[in-house]
Amino acid sequence: MTDEPVIDPSLLRGLTQSRFTRRDLFRYAGAAGGALGISAILAACGTKGIATGSAASGKPNANMGTAAWWAQQSEHKVLDFDNWPYYMDIGPNNSHPSLDEFTKKTGIKVNYTENIQDNPSYWTQHILPQLRAGQSQGHDIIVLTNNDYPLGYMLNFGWAIPLDHSAMPNFDKYASKLVTNPSWDPGNTYTMAWQSGYTLIAYNTKYVKGPINSVDVLWDPQYKGKIGMFGNASELGCVGLLALGKDPATSTPDDWTAAAAKLQEQKPLVRSYYDQDYIKALKAEDTWISMAWSGDIFQAGLQGYDTLQVAIPQEGVMFWTDNMLMPYTASNPKDAMVYMDYVYDPKVQAVIEDYNNYVCPVPSSKGIIATDLHDPAVANSPLVFPNSQMIAASKNYYQWKDAQDLKTWNDTFIPIFQ
Amino acid sequence: MERHVHPDLPVEPDEPPRRARRRFQPAPYLLGAPAILWLAILFIVPLFTMLSLSLQTCDPNTYACTMTWNFGEFGNVISRYSDQLIRSIVYAGAATVIDLVIAFPLAYWIAFYGGRRKNFYLLMLLVPFFVSFVIRTTAWQFLLADQGPILGPLKSLHLLPQNYHVLATWIAVVAGMAYNYLPFTALPLYVALERIDRRVIEAAGDLYSNRTSVFMRVIFPLAIPGIFAAFLLTFVPAAGDFVNASILGGTNNTMIGNVIQQAFLVQNDYPAASALSAILMAAMLIGIFAYSKILGARTIEEYV
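Residue numbers (the numbering used here), protein chains in the order written: chain A, 52 to 469; chain B, 115 to 418.
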């Protein structure tokens, strides 16, 4: 025994017998905490903000996107495109024919991914942390919607590369009036539309007798427990405003409070506040009537859910646009420009649109879908190629003036679905 | 625990007398290093970051956060989200009680009557864990759908009204949590029951104890540490859960986990999210201390 090395018995026991009791843990944690001087540590954890409009770190160089800057760029024959799920035409073996055609034509290989599930979480996880640190977020083109805050932040921070307007012949020639010079990006300085869509009402004709011509149906007590709403502050708030007869685009904070009260009144009738899964609830007949996005309902109809119908309420339908843009860390901007303009070729867009069934940004694709692709159902749908009645019914989203404005909106509407 | 040693049994020697001089031995410290690093990097650092953030003020325009010692955020979030906080505790408590009621007989049966197949039964208990948590919960969403395989036939037989539903109610959320956390309850109970010395039970029988009093006065008291461990392992994750509420719940079933997730990922309101997380943690710790006082901390430390 005399030659045995001596180790503190408590440590030995702790390491070999896993008998580190909770009491020990709390005792040590307390001692450690006291010794470290908690306040100093807590105070050291502040985070640096984003320097808007200055050339601080995490900020692109000042002449990015100018004609001179574009002249220095060259194609790298590769492109990273991150999009939303089910948003690209699918061919045999899960290929994407329009992308394959693009590669064949231009020699640019496309790494196509579908990582964007919703705007805010993509922003908080895949844009903000990387771009503020000046690191690439991995993609040359991403797609953000104009009805949520990340797109506005992206443009305000100067984090999108201005488009090369000398390289957009198809866009200039074929783009729909609905997506040119939009209010959220005047002159299409940074963005081109991927697809647009409507937020409207869908209902199951098995249980709900149409026609429906007002959003008031969402407040009808006979559908108690069968009404689906969106758990998204922007979408939910707009329906509340429409129900009060207000135009969301020109609404005021007082209108928002009134709309929130109206939505609170509806809450006992609502089954749940859904995200992307609202369509599953509609298909499973968990909901009989629901807020919905136009393309989903159209696609569901094609899949055989023919009792699902859309209603165009007289108060109006919300019109939104998903926009392609280049984060400033994009390493292949030239290739991205080539691609973004390529999708405005009516023949290419026809292929993409015939799969998507959202609102087509290229009106000239209509004839091609009807004749060459033999799909008159899509070509003649006012949800894909809006007629004058649809365009008249379209309402724009409210654009938040600043972060405080956005916070007021969120604080008004988020408590409804929490 | 005091040792009551039978006079005839050999007595273990106490620790050898301490030496006056000690040499430094690095091996145990090195062996402990990975675990200590793990704790420091993945627990202590995030914990302090969270506490720090809860006291900061963030500029929503630039995302700059500065330490302002803003303790007001705590009062603010408690008053705004007291419903969700209370609901989380109630739902998690209900799910834990349900689990204890289901798991105790199950663990008892496996421990005492499982025989050679004990390990097989335990494996069966764990098999659902080979499938992702979210997928299992989504499967319930499918099974319990209003016109799904369970409610659909009952409705077409007119045994249930047409607009009856289980999904989107608190029942679905609590049942979902009870289902998902059952193994966390059953395993510690099994361990506690399994390690009960059978001779003690025989001795109780020899002393004319009937089966009820053997259970009430011998088995149950010896299982209390297992019940406490089961409670901890079930209640703590259940109270912070947000998956069940978002997949199976409806309006007014939102739990505090959903609020924290929304605050972090959608609103970018880091101070509020951190304050809520800290409050949830503090509430749990206080609850656990109170609970351990009631059950007697000394016996529990033997097991946890």
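We put the CB at the ideal spot given by N, CA and C, even for glycine.
Which one of the options has the shortest CA to CA distance from residue i?
{"i": "S285(A)", "options": "D236(A), P171(A) and S415(A)", "result": "P171(A)"}
{"i": "I141(A)", "options": "W121(A), W120(A), Q469(A) and Y163(A)", "result": "Y163(A)"}
{"i": "R312(B)", "options": "Y295(B), V305(B) and I333(B)", "result": "I333(B)"}
{"i": "I467(A)", "options": "T368(B), M398(B) and I402(B)", "result": "T368(B)"}
{"i": "Y393(A)", "options": "A244(A), D271(A) and L182(A)", "result": "A244(A)"}
{"i": "Y173(A)", "options": "F281(A), P201(A), I403(A) and S382(A)", "result": "P201(A)"}
{"i": "N438(A)", "options": "A454(A), K417(A) and K452(A)", "result": "K417(A)"}
{"i": "M377(A)", "options": "D215(A), K297(A) and M280(A)", "result": "D215(A)"}
{"i": "N114(A)", "options": "G185(A), R183(A), D131(A) and G209(A)", "result": "G209(A)"}
{"i": "P111(A)", "options": "D169(A), N264(A) and R183(A)", "result": "R183(A)"}
{"i": "G282(A)", "options": "P237(A), I263(A) and D328(A)", "result": "D328(A)"}
{"i": "G203(A)", "options": "D223(A), S234(A) and S227(A)", "result": "S234(A)"}
{"i": "F153(A)", "options": "V402(A), L287(A), P299(A) and Q315(A)", "result": "V402(A)"}
{"i": "Y405(B)", "options": "F349(B), A149(B), L394(B) and I393(B)", "result": "F349(B)"}
{"i": "L229(A)", "options": "Q246(A), A218(A) and M219(A)", "result": "Q246(A)"}
{"i": "N315(A)", "options": "T303(A), M441(A) and M280(A)", "result": "The question names Asn, yet the displayed sequence has Gln at residue 315(A). Ranking the options by Cα distance to Q315(A), first place goes to M280(A)."}
{"i": "N374(A)", "options": "I420(A), A211(A) and T250(A)", "result": "A211(A)"}
Along the alpha helix (DSSP H) that carries residue i, what are the first and last residues, could you check?
{"i": "G158(A)", "result": "That residue, G158(A), is in no alpha helix (DSSP H); it is neither H nor E in DSSP."}
{"i": "N366(B)", "result": "Taken as a continuous stretch (DSSP letters only), N366(B) belongs to no alpha helix (DSSP H), as it is neither H nor E."}
{"i": "S168(B)", "result": "V159 to S168"}
{"i": "L314(A)", "result": "P304 to Q317"}
{"i": "L353(A)", "result": "S345 to L353"}
{"i": "V429(A)", "result": "P427 to A430"}
{"i": "N382(B)", "result": "Per DSSP, N382(B) belongs to no alpha helix (DSSP H) and is neither H nor E."}
{"i": "D298(A)", "result": "Taken as a continuous stretch (DSSP letters only), D298(A) belongs to no alpha helix (DSSP H), as it is neither H nor E."}
{"i": "I419(A)", "result": "S416 to T422"}
{"i": "Q400(A)", "result": "P397 to N407"}
{"i": "P148(B)", "result": "P140 to L153"}
{"i": "L333(A)", "result": "Y329 to K334"}
{"i": "M391(A)", "result": "P384 to Y393"}
{"i": "W120(A)", "result": "A118 to Q123"}
How far does the beta strand (DSSP E) with residue i in it reach, from first residue to last?
{"i": "V321(A)", "result": "V321 to Y325"}
{"i": "N221(A)", "result": "Counting along the chain, N221(A) falls outside any beta strand (DSSP E), though it belongs to the alpha helix (DSSP H) covering P220 to Y225."}
{"i": "M181(B)", "result": "C179 to M181"}
{"i": "T372(A)", "result": "V368 to L376"}
{"i": "A362(A)", "result": "L359 to A362"}
So is residue i buried or exposed if we call it buried at 16+ other beta carbons inside 10 Å?
{"i": "G85(A)", "result": "Any reading at G85(A) must be qualified, since the residue scores a pLDDT of 45, below 50, and its modelled position is unreliable; no value is offered."}
{"i": "T242(A)", "result": "buried"}
{"i": "D305(A)", "result": "exposed"}
{"i": "M391(A)", "result": "buried"}
{"i": "P335(B)", "result": "exposed"}
{"i": "Q365(A)", "result": "exposed"}
{"i": "Y278(B)", "result": "exposed"}
{"i": "K277(A)", "result": "buried"}
{"i": "L457(A)", "result": "buried"}
{"i": "G367(A)", "result": "buried"}
{"i": "D383(B)", "result": "buried"}
{"i": "W121(A)", "result": "buried"}
{"i": "N264(A)", "result": "exposed"}
{"i": "E336(A)", "result": "buried"}
{"i": "G185(A)", "result": "exposed"}
{"i": "N198(A)", "result": "buried"}
{"i": "G116(A)", "result": "buried"}
{"i": "I192(B)", "result": "exposed"}
{"i": "A296(A)", "result": "One point to set straight first is that residue 296(A) is Gly, not Ala, in the sequence displayed. G296(A) is exposed by the Cβ-count criterion."}
Meets three-Cβ-pair contact criterion under 8 Å: the stretch 272-283 of chain B and the stretch 322-339 of chain A: Contact holds: three or more Cβ-Cβ distances are below 8 Å.
Validate contact between the stretch 152-166 of chain B and the stretch 380-393 of chain B using beta carbons, cut 8 Å, 3 pairs: Enough Cβ pairs lie closer than 8 Å, so yes.
4 or more residues per run - each alpha helix (DSSP H) lying fully within the stretch 386-415 of chain B: 411-415
Three or more C-beta pairs below 8 Å linking the stretch 347-361 of chain A and the stretch 252-259 of chain A: yes
Alpha helix (DSSP H) segments (min. 4 residues) lying fully within the stretch 197-274 of chain B: 232-240, 247-257 and 265-270
Beta strand (DSSP E) runs contained entirely in the stretch 133-202 of chain A, provided each spans 3 or more residues: 160-164 and 193-196
Inside the stretch 235-295 of chain A only - alpha helix (DSSP H) runs reaching at least 4 residues: Fully enclosed alpha helix (DSSP H) runs of no fewer than 4 residues occupy 284-294 of the stretch 235-295 of chain A, in order along the chain.
Cβ pair count under 8 Å reaching 3, the stretch 319-328 of chain B against the stretch 265-273 of chain B: Counting C-beta pairs with one atom in each stretch, the stretch 319-328 of chain B and the stretch 265-273 of chain B have fewer than three that are closer than 8 Å, which means they do not touch.
Inter-stretch contact at 8 Å, needing at least 3 Cβ pairs: the stretch 403-410 of chain A / the stretch 341-349 of chain A: yes
At least 3 beta-carbon pairs within less than 8 Å: the stretch 335-342 of chain A vs the stretch 174-181 of chain A: No, the stretch 335-342 of chain A is not in contact with the stretch 174-181 of chain A.
Complete runs of the alpha helix (DSSP H) confined to the stretch 296-356 of chain B [at least 4 residues]: 312-320, 325-328 and 334-354
Runs of alpha helix (DSSP H) wholly within the stretch 432-467 of chain A (minimum 4 residues, chain order): 439-444
Sufficient close CB pairs (3 or more, under 8 Å) joining the stretch 198-212 of chain B to the stretch 285-299 of chain B: Enough Cβ pairs lie closer than 8 Å, so yes.
Segment contact flag, the stretch 149-162 of chain A with the stretch 119-139 of chain A, C-beta cutoff 8 Å, min 3 pairs: yes
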